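A.B. asks:
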Amino acid sequence: MKSGFIFSLQRELGLQGLFGREEGWLPPTDVYETEGEFVVCMDLPGMEREGIKISFTEGVLTIRGERRNELKFGASQLRCHQLEIGYGPFRREIYFPVPIDQDRIRAEYRQGLLKVVLPKR
Numbered sequence: 002m003k004s005g006f007i008f009s010l011q012r013e014l015g016l017q018g019l020f021g022r023e024e025g026w027l028p029p030t031d032v033y034e035t036e037g038e039f040v041v042c043m044d045l046p047g048m049e050r051e052g053i054k055i056s057f058t059e060g061v062l063t064i065r066g067e068r069r070n071e072l073k074f075g076a077s078q079l080r081c082h083q084l085e086i087g088y089g090p091f092r093r094e095i096y097f098p099v100p101i102d103q104d105r106i107r108a109e110y111r112q113g114l115l116k117v118v119l120p121k122r
């Protein structure tokens, strides 16, 4: 699996298909910093709370999961005219350059928005 940095770099440079198949999608993510903490907000509409996995190891926050396409169509032939919603597995890795107090990391998921607060040590 590609690292988050490599995956993000390939996406920014438009090189997604050049180094193997791109899997899944990347949810839009904002990272904020205050004097005492970092706040990560990730847009995950349509996800169940139980399907989101969060871990923090060696300065890297990893958020992963899978959004399934539950839409069912009765038509025998279906033509897609626009396809923008990402489905399938995702994995985001965010590196933090300062020590984080792992015991005080907290997360909440409400109305499709995941918020992870990482207090600085």
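Under my numbering, think of the first position of the sequence shown as 2, with each following residue one higher. Cβ coordinates follow ideal geometry from the N, Cα and C atoms, glycine included. Values in this document were obtained by computation on a predicted structure and should not be read as measured data.
Can you name, in chain order, every residue of its own chain whose Cβ lies under 6 Å from the Cβ of P100, other than the five neighbours on each side?
C.D. replies: For this step, residue 100 is matched to residue 99 along the sequence shown. The answer, listed in chain order, is R122.
A.B. asks: In whole angstroms, what is the alpha-carbon distance linking T30 and V41?
C.D. replies: Start at 1 with the first residue of the sequence shown, and residue 30 comes out as number 29. Start at 1 with the first residue of the sequence shown, and residue 41 comes out as number 40. Cα to Cα, T30 sits roughly 7 Å from V41.
A.B. asks: Classify G66 as buried or exposed, calling it buried when 16 or more other Cβ atoms lie within 10 Å of its own Cβ.
C.D. replies: The residue labelled residue 66 in the question sits at position 65 within the sequence shown. Label assigned to G66: buried.
A.B. asks: With DSSP as the reference, please indicate the residues paired to P90 in a beta bridge.
C.D. replies: As a working note, residue 90 is residue 89 in the sequence shown. Paired residues: E67.
A.B. asks: Could you tell me the distance, in whole angstroms, from the CA atom of R22 to the CA atom of K54?
C.D. replies: In the sequence shown, residue 22 corresponds to position 21, counting from 1. In the sequence shown, residue 54 corresponds to position 53, counting from 1. Low local confidence applies: a pLDDT of 45 at R22 is under 50, so the model's placement there is unreliable, with the coordinate-based value given in what follows. Rounded to whole angstroms, R22 to K54 spans 23 Å at the Cα level.
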